[in-house]
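Numbering (the UniProt record's numbering), first residue to last: 1 to 330.
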């Protein structure tokens, strides 16, 4: 789950610290300006900030839940790295030196910037960008028309939709929710069935009017069969219809189910489709079902989320919403 970027805040914080720790050279000094080769560990600045605000190593240690000696050692380490003295040690307190005062100002501003950035990220009322990844066919034919309704129900959530069939890896990809077709065996993901894969023939109304009649299932073989290249269930459908063993005269193959349905809409043949993919075309009358027989493939569209973040508010709400939409369509 992603938020609107806070990079300006974080870069400003780093710039403030870098400017404070960079050696200062008088304008008349002919030597080139030298930047610090390496920024000291950030935790040292956190300890320094606590010591500078409290004016006492013991009080700073109590605030940070560490020992006084740990604070003293880390301040000494920071001084050695910067090659300057940051505090004057008094009997019961410490005072900032001139260099320490300059650094304390920059570190204080930087810490405030970081706190504000963290508050914005953790604020439940802040806009949240949800990244959803789905195959092109289901994205364009089913999901796009519904996303506006989701964002109207949840105006604090903004959705970015990516169309892809690539393998999903939540640890490596900036994806909050993925939709994939299969048998539900994806590793390292929380998997929920969106809709089972019940397939039935669809074709253009013009094909019924102008082509050979479709009175019984076996009549389909007189038309071009449309199917995807990674597997076809035509044989299973004909078997369920009692017309197994037929020879197909002409077949067109597609690498995407959406393209296959586009061809069916254009009257190029008869396709097997699921309700989710064909729903919009059936409602608009671009496709019709010549036969009511459906078969189940044992597969279906599934919603995938990261096991670590599936209960985050935006992800959990999207899971509930899309599950309801899937049930309504099925």
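Each residue gets a CB set at the ideal place from its N, CA and C atoms; glycine is no exception.
Who does residue i pair with in a DSSP beta bridge?
i, result
"residue 227", "253"
"residue 193", "302"
"residue 327", "DSSP output for residue 327 lists no bridge partner at all."
"residue 201", "272"
"residue 295", "199"
"residue 288", "203"
For the alpha helix (DSSP H) holding residue i, just list the boundary residues, first then last.
i, result
"residue 181", "Unbroken run through residue 181 is the beta strand (DSSP E), 177-182; no alpha helix (DSSP H)."
"residue 87", "Segment 87-89 is the beta strand (DSSP E) holding residue 87; no alpha helix (DSSP H) there."
"residue 43", "42-54"
"residue 144", "144-153"
"residue 71", "68-82"
"residue 39", "Looking at the DSSP string, residue 39 is not in any alpha helix (DSSP H), and its letter there is neither H nor E."
"residue 186", "Per DSSP, residue 186 belongs to no alpha helix (DSSP H) and is neither H nor E."
"residue 64", "57-64"
"residue 236", "234-240"
Drop a sphere of 10 angstroms on the beta-carbon of residue i, count the other beta-carbons inside from all chains shown, and report buried for 16 or more, exposed for fewer.
i, result
"residue 96", "buried"
"residue 313", "exposed"
"residue 86", "buried"
"residue 25", "Because residue 25 carries a pLDDT of 43, less than 50, the predicted location of this residue cannot be relied on, and no value is offered for it."
"residue 338", "No answer is possible for residue 338: it lies beyond the span of the chain, which begins at 1 and ends at 330."
"residue 324", "exposed"
"residue 52", "buried"
"residue 304", "buried"
"residue 159", "buried"
"residue 30", "Note that residue 30 scores 46 on pLDDT, short of 50, meaning its location in the model is unreliable; the coordinates nonetheless yield the value given after this. The residue is exposed, with fewer than 16 neighbouring Cβ atoms inside 10 Å."
"residue 183", "exposed"
"residue 101", "exposed"
"residue 260", "buried"
"residue 322", "buried"
"residue 215", "exposed"
"residue 115", "exposed"
"residue 308", "exposed"
"residue 155", "exposed"
"residue 69", "exposed"
"residue 310", "buried"
"residue 42", "exposed"
"residue 88", "exposed"
"residue 326", "buried"
"residue 174", "exposed"
"residue 300", "buried"
"residue 290", "buried"
"residue 274", "buried"
"residue 121", "exposed"
"residue 7", "Note on residue 7: pLDDT 46, under 50, position unreliable in the model; the coordinate value appears next. By the neighbour-count rule (16 or more Cβ atoms within 10 Å), residue 7 is not buried but exposed."
"residue 257", "buried"
"residue 210", "exposed"
"residue 60", "buried"
"residue 153", "exposed"
"residue 27", "Residue placement at residue 27 cannot be trusted, given a pLDDT of 46 that sits under 50; the coordinates are not used to answer."
"residue 207", "buried"
Residue range of the beta strand (DSSP E) that residue i falls in?
i, result
"residue 159", "157-163"
"residue 95", "94-96"
Segment contact, 8 angstroms Cβ cut-off, at least three pairs: the stretch 129-146 with the stretch 172-180: yes
contact_flag[the stretch 282-290, the stretch 158-165] where n(CB pairs < 8 angstroms) is 3 or more: no
Ranges of the beta strand (DSSP E) found wholly within the stretch 104-140, counting only runs of at least 3: 128-134
Cβ contact check for the stretch 223-239 and the stretch 93-109: 3 or more pairs under 8 angstroms: no
Validate contact between the stretch 231-251 and the stretch 259-267 using beta carbons, cut 8 angstroms, 3 pairs: no
Cβ pair count under 8 angstroms reaching 3, the stretch 267-280 against the stretch 199-214: yes
Meets three-Cβ-pair contact criterion under 8 angstroms: the stretch 72-80 and the stretch 46-64: yes
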